[in-house]
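One structure is given here, and the rest of the page talks about it.
Residue numbers (this note's numbering): -14 to 158.
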């Protein structure tokens, strides 16, 4: 699994004819995930090192507290939906929705409840006539970091002034 990230101090740089945002790259060895069936439509990323997010947190006390958190499971709900209203159609789409992860951390002499929200805009087209489809990667992006129910940091894909954190899992069926 690959993790790409940058904090709020990173600035866009001109490269050829476009602007790019330099990112740090890290990886997680021994990464495992499981996929539930029809009655349990979740992909579970087992033992994700949530402490990696601390590298992008602007509050130094919160970043320090997060850097010591043990690994957590991340859950991604998947659904298989028809592409059209035509009941005889055998084509559909797999959509992903990451479940926010909530845990407690102790910093500033108080125990706080931290929630990290994620997004995934990925969709995969599938057909009942072709079962050779392959999800070659699963990509999640951190959206928000909340402490005690209040957003303390927003993440963004393109805004220069915001941290970025992507989780990219490559694999084959």
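Glycine included, every Cβ here is placed at the ideal spot set by N, Cα and C.
- Taking 8 angstroms as the cut-off, the beta carbon of residue 131 is found closer than this to the beta carbon of residue 100.
- Taking C-beta atoms under 8 angstroms as the contact rule, residue 51 and residue 111 fail to qualify, at a distance of about 37 angstroms.
- By the criterion of a C-beta distance shorter than 7 angstroms, residue 42 is surrounded in its chain by 48, 51, 130 and 138, once the five residues flanking it on both sides are discounted.
- Residue 62 sits close to residue 82, with the two beta carbons spaced by under 8 angstroms.
- In the structure shown, the three-state DSSP call for residue 35 is helix.
- In the displayed model, residue 58 falls within a strand according to three-state DSSP.
- Following the DSSP letters along the chain, one finds residue 128 inside the beta strand (DSSP E) bounded by residues 122 to 132.
- Beta-bridge annotation (DSSP): residue 83 is paired with 61.
- For the options 28, 23 and 135, the alpha carbon positioned closest to that of residue 17 is the one of 28.
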